[in-house]
Amino acid sequence: MNFKIYKSSAGSGKTFTLTKEYLKLALVAPGMLPNFKPIYFRSILAVTFTNDAANEMKERIMDHLSEIAHLNPGEEQPMLALILSEIPEEYPEVKLSREQVIERAARVHETLLHNYADFSVSTIDAFNNRIVQSFKKDLNLPFNYEVELETDDLLDESTDNLQDEVGAGLDKALSDLIVEFALNKADSNNSWYIDEDLKSFGQNIFNEEKYESIQNLQDLTPRDFQKIKNDLFAYLKKVENQVSAVAEKAYFSIIDQGLNATHFYYSGKGIFAYFENHFKIKKKINELDPNSYVLKTINEDKWYGSKAQAFEKNVIDSVIDELIAAFHEIEGIKTREMANYMIAYSLRKNIYLLATINELDKKIKEIKADKNLVHISDFNRKINLIVEEEPVPYIYERLGERYNHILIDEFQDTSKMQWHNLIPLMVNALGKGSMTLIVGDAKQAIYRWRGGKSEMLVKLPDLPTAAVTSPLKREAAVFKRQSLIQSLNTNYRSKDNVIHFNNGIFTALRESLIDTFPEVGEFYNEVFQECSGKSGGHVEVEFVEKALPKPSFELLNYAKTLEIIQHVTKDLNYDLSDVAILTRNNGHGAFLAEKLIDDQIPVISSESLLLHNAPEVKFLVDFLRIIHHPTNPTLKADLLLYLSKHYEKLGESFEKIDGARYKEIAEVAKEINLLEFTKLIKEYFNTELYMKSLQFLSIYEITEELIRTFRLNELEKSQIYIQKFLDVVLKFSIKKGNNLLDFLEYWDKKEGKLSISTPKEGNAVRIMSIHKSKGLQFPIVIIPFANWGLQPKPGTTMWRNWNTDKLSKALPSVILTVGKDLERTEFKEDYHQELEATFLDGFNLMYVAFTRAEEKLFMISQDSAKPEALKSIADLLCNYKMLQKGEMISTNEEITIENQKGESSLVNIEKVVFYKDEKPEKVRKASKNTDETELSSQQILRLEKFYHTESRDKIRMRKSSDRDLEKDISIHDMYSARKQGILLHYAFEKIKYNTDIEKAIATLITEGLINETEQDKIRKSLSAVMKIPEIKRYYDPEAGVKIKNEKELILGTKKGKGLQSLRPDRIVRDGKELVIIDYKTGGEDPKKYGKQIRKYARVFKDMGYQDIKMFIVYTELLKASEVK
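All the letters of the sequence shown, read from the start, carry residue numbers 1 to 1124 under the numbering used here.
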């Protein structure tokens, strides 16, 4: 049985098991038996879902190999013990002693280190990229393509191109559809801007699940869609007119008899209203179905209103037959047309966007072709086209020979296409008699929106997703013949009480849900877990009364969250870093993070990790905005306010800016230009920045200069944000150019997504989404807002292929809004499948969230009036609470909460403790000894200085009298009192003869060191120096002299240790005479400068030159002094 299928549960050692299986293969090398080579790991391919998971697996494999390799005699190691016990069972012919395994581990570890590129543990996408790299020509890919991971940039550009085409009127049908769409949006009280609608809808192009449906539409033109739209609208109008005509006749039959609603049974809710509503039609006709009063009128002959007089009843009697006939005719039309009517009505909402999908797809393909881009979603599709058609896909021939073993992790998150593309490799490996392996947990399938098909894991070894005609279908027989299914059912993560709670709630809910949602029963068939012997654990849920406004509910969730954090840290001696807060959506996480930070609780969250939330990054971006748009007074005032706080943190005692002073500065900022703004910075903070010099630098160099000038890098906590921001700037500059406006627009689009990596250390509360918590564990888990929905959100859509000509012969695929309306269509079954899938998504999220806790699990939920409705997690928790009566501790409390208007109200909360630790929890751990557990400052490597490298040539200036040390001149130095001399010095490096002045000036301008208004002054100074009589000859191109500028002399030291560097400014060969010229700024110092130039002369004398002259040139004094 070589096809191992491990079905795991939370905390059951899934990654450990995968690592163990990898190590066994690497240490046994079954494909080489009876021989062994440490390079055998090259024959193993392990694929997983995320880069983090791939990196973790690599680390675990390397760590275990290292640990085993360095074991002392008699020392125990759990992984080694398992490997030694399992090898004889799986490979009876292999006889390995402990010492031999240790020796092999050392060899494999060393070989891996030396051949790390062959360590095939990666994401499926990375693996696919390797495949297509090898078969570019076969797969019709550009030779030197670039992988595009994001969709936003492609959609932004394609949407702009599409609207440009519409604006140019190149396709009248397309233009008419787009304009009509915008006008319809405006008529619905929405903005007529459609950019975001197009971009959002365009995401479907990259979605694996929707790709086939979209491809079915690719032959349709905008003119075709225009006809389809007209057909749909005409059909809807026809049905509504038919209903309205019948209802109108009945309505006026009543009115013409002098009757009104009050004369009929239940007046305004009865039969009169029925005909009036169908005549005037202001809703979908399915929303006009007869209510119970109308049905009683028709079926039970209840026609008269309570106040109807006898003669009025007689009049009603005279029209009853006509009204009954009209009622049945209306309902007959509705029954006959309802299915198509509901589909047409649903399509009406999306037809305009549907009409653009082909055009957007074309624009995206054009952009990719123009820029040699291949989107990551293209890899799977291109490979799959071959895999699904050919019995033995040729693209795998090479790989099949290389890989003997395929190991797949997180299989529940694998998409149909990803799995199908891997099947030939799996079958090939099994055909060699090699072991392959799949690990997954269907209960943790929370990525359906990314294409994850968890039912594939549940159905293994069957292949339910393979088409009957696909060559892959027959491989199911191979899998069935060789499969061995094993369950990992021991939880090594959590304490016993946490496991008991999860066993109880998910087992009970499975039993109660199995009839309504059969997939829950299938997915949670093996939900029960064994404990690993960690006694204790705490689980509690707080149920807030149901009728609470949203803002009040949010504030209450925060108050209870803060209370729990304070309890576990102050009363139970936990660290803040032990606590994780998990939320269903990022909005709740951001809300909690903001409130906790306000209350001085350190937080690490997706919000806190965003670059744009770092004050230093905001300062840098705002300063770039000021450079681009200097007239924004608010930004200038904000920059000064930031600097006031920044320098205060650095311990500087500059003027504090707040309150009235801020307003005063804002007023001043209105009036001043950028140059005067920098003077204001100099006045307030004694910091000099030369704005005019920045305009000649790249965005990256400007950013570096701002960081250096304002000492932003000196705050340790800010360095990681600053460095990441520089990475963003550099990446943008390389890919998109050096236009500041383009960068600012890019930043505005991307700032909400750009973040630093989550730090592993730091005593702070973690706040993250449930999705991001998958695979992680924490001593304490708090789940506020534990009431997320289990039904499709309003506006949810689904794509379906459609083989019908009832509404439009040309439309093979449809996009439908998920809702009860579909109950009355041919898509009824699809609708129910979507309901079940959505429920399972939410239920799986609940499982993932509840199983992250190691020791304590706290939830804040909501009471439910109808828990049997099963519409939210709150309903499920209330259901379980009712089942557990008498087996839990329940207490009630009332707390006061304020609403947004400042009004106070009492809120009832029921606290239910399902499990409580028997031991006093204050002894959970002792206080840590700082001396023993924390690294000293000497052990921690910190970035003490901001290092940078500019792309242009450096200006060098002497740092010491020996000239063997140099440093780069900063822009600040450039504009100091010595600016003129330094610039001249640099210019002379570029000048051999007096004819080179213009070339030197151009270099200074190009490098941003001077602007055009400053060039005359520099030109005159250069010319004046070269006209000094004593040295004039040495700049004359007609004099026949040879020049060397700034040429470095490398010398050995007297003691023979190391090298010494000397760099004379200018060396002139004039016949047999050698002339040394050294430039100096400032006043004369013959003793100091003479010593240095004589040192140069001695070196040249040692080299054989006898006739040597030496001149010190004072550039500001226009004087050349000869040194004897």
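Even for Gly, the Cβ is constructed at its ideal location relative to N, Cα and C.
Task: Length of the line joining the Cα atoms of A182 and R625 - done: Position 182 of the sequence shown, counted from the first residue, corresponds to residue 182. Position 625 of the sequence shown, counted from the first residue, corresponds to residue 625. A182 and R625: Cα-Cα distance of roughly 33 Å.
- [ ] Would you kindly work out how many angstroms separate the C-alpha atoms of E519 and G504, rounded to a whole number?
- [x] As a position in the sequence shown, residue 519 is number 519, starting the count at 1. As a position in the sequence shown, residue 504 is number 504, starting the count at 1. The alpha-carbon atoms of E519 and G504 are separated by roughly 19 Å.
- [ ] Spell out the partners DSSP gives Q486 in its beta bridges.
- [x] Numbered from 1 along the sequence shown, position 486 holds the residue referred to as residue 486. For Q486, which the question treats as bridged, DSSP gives the partners Y6.
Task: Residue range of the alpha helix (DSSP H) that includes R800 - done: As a working note, residue 800 is residue 800 in the sequence shown. Looking at the DSSP string, R800 is not in any alpha helix (DSSP H); the run it does join, the beta strand (DSSP E), is 797-801.
Open item on the list: Cutting at 7 Å between CB atoms, please list the residues of its own chain near T129, excluding the five before and the five after it.
Closed with: For this step, residue 129 is matched to residue 129 along the sequence shown. Thr is not the amino acid found at residue 129; the sequence shown has Asn there. Cβ within range, chain order: V147, F379.
Task: contact_flag[the segment 872-883, the segment 850-861] where n(CB pairs < 8 Å) is 3 or more - done: A contact exists between the segment 872-883 and the segment 850-861.
Open item on the list: Classify L943: buried if its beta carbon has 16 or more other beta carbons within 10 angstroms, exposed otherwise.
Closed with: The count along the sequence shown starts at 1 and reaches residue 943 at position 943. With a pLDDT of 45 at L943, under the threshold of 50, the predicted position of this residue should be treated as unreliable, and no value is reported.
Task: Where R956 sits in the DSSP three-state scheme - done: On the sequence shown, residue 956 is found 956 positions in, with the first residue counted as 1. The pLDDT assigned to R956 is 38, lower than 50, so where the model puts this residue is not dependable; a value taken from the coordinates is nonetheless given after this. Strand, per DSSP.
Open item on the list: Restricting to Cα atoms, I'd like to know which of Y91, K249, K649, G270 is closest to I330.
Closed with: As a working mapping, residue 330 is identified with position 330 in the sequence shown. With distances taken between Cα atoms, I330 lies closest to K249.
- [ ] Run the CB neighbour count on A369, radius 10 Å, all protein chains shown included, and call it buried at 16 or more, exposed below.
- [x] In the sequence shown, the residue the question calls residue 369 occupies position 369. With fewer than 16 Cβ atoms within 10 Å of its Cβ, A369 is classed as exposed.
Task: Separation of E616 from F1111, as counted between CA atoms - done: Within the sequence shown, numbered from 1, the residue matching residue 1111 stands at position 1111. Within the sequence shown, numbered from 1, the residue matching residue 616 stands at position 616. Each residue's Cα considered, the two are about 49 Å apart.
Task: Between the CA atoms of F591 and N489 - distance to the nearest angstrom - done: Position 489 of the sequence shown holds residue 489. Position 591 of the sequence shown holds residue 591. Roughly 37 Å between the two C-alpha positions.
Open item on the list: Using only the alpha-carbon positions, how far apart do D52 and K58 sit?
Closed with: As a first step, residue 52 must be located in the sequence shown, where it is residue number 52. As a first step, residue 58 must be located in the sequence shown, where it is residue number 58. Per the coordinates, the alpha-carbon of D52 lies some 10 Å from the alpha-carbon of K58.
- [ ] Tell me whether M435 is buried or exposed, calling it buried when 16 or more other Cβ atoms sit within 10 Å of its Cβ.
- [x] The count along the sequence shown starts at 1 and reaches residue 435 at position 435. Answer is buried; the Cβ neighbour count reaches 16.
Task: Simplified DSSP state of R336, which is helix, strand or coil - done: For the purposes of this step, residue 336 is taken as the residue at position 336 of the sequence shown. R336 falls in the helix class under three-state DSSP.
Open item on the list: Please classify S773 as buried or exposed, where buried requires at least 16 neighbouring CB atoms within 10 angstroms.
Closed with: Here residue 773 corresponds to residue number 773 of the sequence shown, with the count starting at 1. With 16 or more Cβ atoms within 10 Å of its Cβ, S773 is classed as buried.
Task: Of the listed residues E594, T678, D138, Q203, nearest to L643 (C-alpha basis) - done: Position 643 of the sequence shown, counted from the start, is the residue given in the question as residue 643. Of the candidates E594, T678, D138, Q203, the one whose C-alpha sits nearest the C-alpha of L643 is T678.
Task: One or two residues paired with H538 in a DSSP bridge - done: Here residue 538 corresponds to residue number 538 of the sequence shown, with the count starting at 1. Answer by DSSP bridge pairing, in chain order: K856.
Task: Cβ neighbour criterion (16 or more within 10 Å) applied to V28 - done: Numbered from its first residue, the sequence shown carries residue 28 at position 28. It counts as buried.
Open item on the list: Give me, in chain order, the residues of the same chain whose beta-carbon lies closer than 7 Å to that of E989; leave out the 5 immediate sequence neighbours on both sides.
Closed with: Position 989 of the sequence shown, counted from the first residue, corresponds to residue 989. Closer than 7 Å at Cβ, skipping near neighbours: N1045, E1046.
TODO: Under 7 Å Cβ to Cβ from E157, same chain only, skipping five residues before and after it: list those, please.
DONE: Translated into positions along the sequence shown, residue 157 becomes position 157. The residues I367, in chain order, have a CB closer than 7 Å to that of E157 in the same chain once the five nearest residues on each side in sequence are set aside.
TODO: Would you tell me roughly how many angstroms separate the C-alpha atoms of N557 and E522, rounded to the nearest one?
DONE: On the sequence shown, position 557 is the one that residue 557 refers to. On the sequence shown, position 522 is the one that residue 522 refers to. Each residue's alpha carbon lies about 34 Å from the other.
TODO: Would you kindly work out how many angstroms separate the C-alpha atoms of I1108 and K1042, rounded to a whole number?
DONE: Numbered from its first residue, the sequence shown carries residue 1108 at position 1108. Numbered from its first residue, the sequence shown carries residue 1042 at position 1042. Between I1108 and K1042, the C-alpha separation is close to 14 Å.
TODO: Whole angstroms is fine: what's the gap from E836's alpha carbon to S377's?
DONE: Taking the sequence shown and counting its residues from 1, one reaches residue 836 at position 836. Taking the sequence shown and counting its residues from 1, one reaches residue 377 at position 377. Computed Cα separation, rounded: 27 Å.
- [ ] Tell me whether Y6 is buried or exposed, calling it buried when 16 or more other Cβ atoms sit within 10 Å of its Cβ.
- [x] As a first step, residue 6 is located in the sequence shown; it is residue number 6 there, counting from the start. Only buried fits Y6, as 16 or more other CB atoms lie within 10 angstroms of its CB.
Task: Sequence-distant residues of its chain with Cβ nearer than 7 Å to L741 (five each side left out) - done: Your numbering for residue 741 matches position 741 in the sequence shown. Correct list, in chain order: H628.
Open item on the list: Tell me the rounded alpha-carbon separation between S936 and I780.
Closed with: Position 936 of the sequence shown, counting from 1, holds the residue named residue 936. Position 780 of the sequence shown, counting from 1, holds the residue named residue 780. For S936, the predicted structure reports a pLDDT of 36, less than 50, and the residue's modelled location is therefore unreliable. A value from the coordinates is still provided. In a straight line, the C-alpha of S936 is about 28 Å away from that of I780.
Task: With 16 other Cβ atoms within 10 Å as the buried cut-off, status of F201 - done: Position 201 of the sequence shown, counted from the start, is the residue given in the question as residue 201. Label assigned to F201: buried.
- [ ] Starting from the Cα of I564, find the closest Cα among P630, K95, I783, G11 and give me that residue.
- [x] Sequence index remark: in the sequence shown, residue 564 carries index 564 (1-based). A check of alpha carbon separations from I564 across P630, K95, I783, G11 identifies I783 as the nearest.
TODO: Could you name the residues that DSSP lists as bridge partners for H405?
DONE: As a first step, residue 405 is located in the sequence shown; it is residue number 405 there, counting from the start. The partner list for H405 (beta bridge, DSSP) reads I44.
- [ ] Determine, using beta carbons only, whether F127 and M426 come nearer to each other than 9 Å.
- [x] Sequence index remark: in the sequence shown, residue 127 carries index 127 (1-based). Sequence index remark: in the sequence shown, residue 426 carries index 426 (1-based). Contact flag unset, no.
- [ ] Could you tell me if F311 is buried or exposed, where buried requires 16 or more neighbouring beta carbons within 10 angstroms of its beta carbon?
- [x] Counted from its first residue, the sequence shown places residue 311 at position 311. Exposed, because fewer than 16 other Cβ atoms sit within 10 Å of the Cβ of F311.
Task: Cβ-based burial, W192 [other Cβ within 10 Å; buried from 16] - done: Position 192 of the sequence shown, counted from the first residue, corresponds to residue 192. W192 should be labelled exposed.
TODO: Evaluate contact between the segment 341-354 and the segment 166-185, counting only Cβ atoms and requiring at least three cross-stretch pairs below 8 Å.
DONE: yes
- [ ] Whole angstroms is fine: what's the gap from E1116's alpha carbon to G981's?
- [x] Counted from its first residue, the sequence shown places residue 1116 at position 1116. Counted from its first residue, the sequence shown places residue 981 at position 981. Answer to the nearest angstrom: the Cα atoms are 7 Å apart.
TODO: Name the residue from H538, T516, K692, A442 whose alpha carbon lies nearest to the alpha carbon of H832.
DONE: Within the sequence shown, the letter at position 832 stands for residue 832. Among H538, T516, K692, A442, the Cα nearest to that of H832 is on T516.
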